[in-house]
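Asker: Chains as they are written, first to last, in this note's numbering: chain A, 1103 to 1244; chain B, 4 to 200.
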Amino acid sequence: MKYVLLVALLALMPFLLRAESGFEVTDAWARPVAEGMTMGAVFLKAHNGSEQDNAIVSATTPVAETVEIHETKQDEQGRMQMRKMEKLVVSAGGNVELQPGGAHIMLIGVKQPLAAGDEFPVTLTLEDGTSETVTVAVKPLF
Amino acid sequence: MRTFFILLLIGIALGGLFCMPHIFKKEAPTTGKALIGGTFSSTNHLGEYVTDETYRGKYLLVYFGFTSCPDVCPTDLTVISQAMKLLGDEGKDVQPLFISIDPERDTPAQLKTYLSNFHPSIVGLSGTVEQLKEAAFAYKVYYSKVKDESSAMGYSMDHSAYTYLMDKEGQYITHFMHAMKPEDMAAQIKAKIRKQP
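Now the structure itself:
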């Protein structure tokens, strides 16, 4: 009987851990990427419902060769700069919004055109070892 | 005697004028023509050779960017696209130009593909590194190639992100900031165009 309980508990472990990570991603969207173009950006909202700081450390998607986390900054002379980030921290109980002019999930080597209305998955790897797959909606530009 | 006094008065007046040459000028040199804008030559996204002269008779909306730019440039090109849509018929004399600051990667064909997602009126300009230097110098645009070995991008371009409105003779009228509201851009363009002779 003891063993049955132990096995059941072990079987439930991934779900328990997942619930514990409390990491929630919503409103993921991207701009269209025309045929032959290779760069794209994904924007989203992240909420860390846990009591531990967490971070997005990497990401993958079937639609791009490489995925990185980048940040857009404007210096005091009004120059725009884009830099790679090691990770994107979402503090305990905190929210982070990735939006134009701030941080974004950068798609490098986009393999197929992304048109408004399309959807594609992106899997985010978190610092706590868990991962989160989100559906990204491609929005029209204007 | 009277003639002498008249001559003396004229002399004093002339002397005064020569001592204060600035009163001949209606305005100080710094308030004259803005130093933004000038000559450039490049290849457009259709592979045609164009210069600033090509666009005489059109108001220009000039923006410098690059096609590997996933955030800043699409944001501003979307603003320009929406503003052009809002201008409708009133925008028929407005020619938006997207000048590439990354001629190494941005071929005319690349520009054509990139711009297919934006307003059809936008013309992309590319060319040699020297041609870009000339255009960026004319518009006082800052750009710089920033290498990052850790990124799959290899390098990115830092750049200023203003949109310049030029008159039909290629003279500076005003400029717009990064990520401004398209409604505001359209309204300001309308107001400025109506004021032009």
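C-beta: ideal position from N, C-alpha, C; glycine also. The structure displayed is predicted, hence computed values, not measured ones.
Are the Cβ atoms of I1171 (chain A) and M1187 (chain A) separated by less than 8 Å?
Answerer: Residue mapping note: residue 1171 (chain A) aligns to position 69 of the first sequence, counting from 1. Residue mapping note: residue 1187 (chain A) aligns to position 85 of the first sequence, counting from 1. Closer than 8 Å, so yes.
Asker: With the cut-off set at 8 Å, would you say P73 (chain B) and M1141 (chain A) are in Cβ contact?
Answerer: For the purposes of this step, residue 73 (chain B) is identified with residue 70 of the second sequence, where counting begins at 1. For the purposes of this step, residue 1141 (chain A) is identified with residue 39 of the first sequence, where counting begins at 1. Against a cut-off of 8 Å, the Cβ pair of M1141 (chain A) and P73 (chain B) comes out as a contact.
Asker: Starting from S84 (chain B) and walking both ways along the alpha helix (DSSP H), at which residues does that stretch end?
Answerer: If you number the second sequence from 1, residue 84 (chain B) lands on position 81. Looking at the DSSP string, the run of the alpha helix (DSSP H) that includes S84 (chain B) is 75-90.
Asker: Using 8 Å as the limit for Cβ to Cβ distance, is A1239 (chain A) near chain B?
Answerer: Position 137 of the first sequence holds residue 1239 (chain A). Not an interface residue.
Asker: Taking the runs of the beta strand (DSSP E) that are 3 residues or longer, which of them lie wholly in the region 1172-1200 of chain A?
Answerer: Fully enclosed beta strand (DSSP E) runs of 3 or longer: 1181-1187, 1190-1192, 1197-1200.
Asker: Applying the 10 Å Cβ sphere with the 16-neighbour rule, what's the burial state of Q174 (chain B)?
Answerer: Within the second sequence, numbered from 1, the residue matching residue 174 (chain B) stands at position 171. Exposed.
Asker: For the beta strand (DSSP E) containing D161 (chain B), name the first residue and the last one.
Answerer: Counted from its first residue, the second sequence places residue 161 (chain B) at position 158. Note, D161 (chain B): beta strand (DSSP E), 157-163.
Asker: Have a look at the DSSP bridge pairing and note the partners of N1156 (chain A).
Answerer: Indexing the first sequence from 1 puts residue 1156 (chain A) at position 54. A:V1192, per the DSSP bridge assignment.
Asker: Compute the Euclidean distance between the alpha carbons of G87 (chain B) and V1236 (chain A), then round it to the nearest angstrom.
Answerer: Residue 87 (chain B) sits at position 84 when you count from the first residue of the second sequence. Residue 1236 (chain A) sits at position 134 when you count from the first residue of the first sequence. Note on residue identity: the sequence assigns Met, not Gly, to residue 87 (chain B). So the two alpha carbons sit approximately 34 Å from each other.
Asker: Tell me whether Q191 (chain B) sits in a helix, a strand or coil according to DSSP, three-state version.
Answerer: Counting from one through the second sequence, the residue named residue 191 (chain B) turns up at place 188. Helix.
Asker: Measure from the alpha carbon of L80 (chain B) to the alpha carbon of each residue in B:M180, B:T46, B:A190, B:P200, then state which is nearest.
Answerer: Here residue 80 (chain B) refers to the residue found at position 77 when the second sequence is read from its first residue. Of the listed residues, the one whose Cα sits closest to L80 (chain B) is B:M180.
Asker: Give a yes or no on contact between the region 139-153 of chain B and the region 38-48 of chain B, applying the rule of three or more CB pairs nearer than 8 Å.
Answerer: The answer is yes - the region 38-48 of chain B touches the region 139-153 of chain B, with three or more Cβ pairs under 8 Å.
Asker: For chain A, is any of its Cβ atoms less than 8 Å away from the one on D109 (chain B)?
Answerer: Residue 109 (chain B) sits at position 106 when you count from the first residue of the second sequence. No - not a single Cβ of chain A is within 8 Å of the one on D109 (chain B).
Asker: Please compile the residues from chain A whose C-beta is within a distance smaller than 8 Å of the C-beta of S153 (chain B).
Answerer: What you label residue 153 (chain B) is simply residue 150 of the second sequence in a count that begins at 1. Those are K1186, listed as they occur along chain A.
Asker: Taking C-beta pairs closer than 7 Å, name the residues in chain B that Q1214 (chain A) reaches, listed in chain order.
Answerer: Along the first sequence, read from residue 1 onward, the residue named residue 1214 (chain A) stands at position 112. Those do not exist, as Q1214 (chain A) stays about 14 Å from chain B at its closest Cβ, beyond 7 Å.
Asker: Could you tell me the alpha carbon to alpha carbon distance between Q98 (chain B) and Y62 (chain B), rounded to whole angstroms?
Answerer: The sequence position of residue 98 (chain B) within the second sequence is 95, counting from 1. The sequence position of residue 62 (chain B) within the second sequence is 59, counting from 1. Computed Cα separation, rounded: 6 Å.
Asker: Out of curiosity, what's the CA-to-CA distance linking K184 (chain B) and V82 (chain B)?
Answerer: The residue labelled residue 184 (chain B) in the question sits at position 181 within the second sequence. The residue labelled residue 82 (chain B) in the question sits at position 79 within the second sequence. Answer to the nearest angstrom: the Cα atoms are 7 Å apart.
Asker: Take every Cβ of the region 51-60 of chain B, pair it with every Cβ of the region 184-194 of chain B, and state whether three or more of those distances are shorter than 8 Å.
Answerer: Flag = no, the region 51-60 of chain B and the region 184-194 of chain B do not touch.
Asker: Which chain B residues sit within Cβ distance under 7 Å of I1171 (chain A)?
Answerer: Position 69 of the first sequence holds residue 1171 (chain A). Chain B residues near I1171 (chain A): none, gap ~10 Å exceeds 7 Å.
Asker: Please classify Q85 (chain B) as buried or exposed, where buried requires at least 16 neighbouring CB atoms within 10 angstroms.
Answerer: In the second sequence, the residue the question calls residue 85 (chain B) occupies position 82. The residue in question, Q85 (chain B), is buried, as its Cβ has 16 or more Cβ neighbours within 10 Å.
Asker: Quick one: is F1244 (chain A) near chain B, going by C-beta distance under 8 Å?
Answerer: Here residue 1244 (chain A) refers to the residue found at position 142 when the first sequence is read from its first residue. Closer than 8 Å to some Cβ of chain B, the Cβ of F1244 (chain A) qualifies, so yes.
Asker: Would you please state the rounded distance, in angstroms, between the beta carbons of T1163 (chain A) and P1215 (chain A)? I believe it to be under 8 Å.
Answerer: Taking the first sequence and counting its residues from 1, the one referred to as residue 1163 (chain A) is at position 61. Taking the first sequence and counting its residues from 1, the one referred to as residue 1215 (chain A) is at position 113. The Cβ separation is near 14 Å, so there is no contact.
Asker: Going by Cα to Cα distance, which pick from B:Q134, B:S119, B:D92, B:L90 is closest to I102 (chain B)?
Answerer: For the purposes of this step, residue 102 (chain B) is taken as the residue at position 99 of the second sequence. The shortest C-alpha separation from I102 (chain B) is found at B:Q134.
Asker: Can you tell me where the alpha helix (DSSP H) holding E133 (chain B) begins and where it ends?
Answerer: Looking up residue 133 (chain B) in the second sequence gives position 130. Taken as a continuous stretch (DSSP letters only), the alpha helix (DSSP H) holding E133 (chain B) covers 132-141.
Asker: Residues of the region 51-74 of chain B in Cβ contact with chain A at a cutoff of 8 Å, in chain order, please.
Answerer: Result list: T70, S71, C72, P73, D74.
Asker: Nearest to A1157 (chain A) by CA position, among A:A1239, A:E1221, A:A1194, is which residue?
Answerer: Locating residue 1157 (chain A) in the first sequence gives position 55, where the first residue counts as 1. The option with the nearest alpha carbon to A1157 (chain A) is A:A1194.
Asker: For T46 (chain B) and R108 (chain B), I'd like the C-alpha separation in whole angstroms.
Answerer: As a position in the second sequence, residue 46 (chain B) is number 43, starting the count at 1. As a position in the second sequence, residue 108 (chain B) is number 105, starting the count at 1. Cα-Cα distance, rounded: 14 Å.
Asker: Might you give, ordered along the chain, the residues of its own chain that have their beta carbon closer than 7 Å to the beta carbon of D131 (chain B), omitting 5 neighbours on each side?
Answerer: The count along the second sequence starts at 1 and reaches residue 131 (chain B) at position 128. Note that residue 131 (chain B) is Thr in the sequence shown here, rather than Asp. The answer, listed in chain order, is P106.
Asker: What number of angstroms, rounded off, separates the C-alpha of A1218 (chain A) from the C-alpha of A1239 (chain A)?
Answerer: Within the first sequence, residue 1218 (chain A) is the residue found at index 116, counting from 1. Within the first sequence, residue 1239 (chain A) is the residue found at index 137, counting from 1. Whole-angstrom Cα-Cα distance: 8 Å.
Asker: Over what stretch of residues does the alpha helix (DSSP H) that includes A112 (chain B) continue unbroken?
Answerer: Your numbering for residue 112 (chain B) matches position 109 in the second sequence. Looking at the DSSP string, the run of the alpha helix (DSSP H) that includes A112 (chain B) is 111-118.
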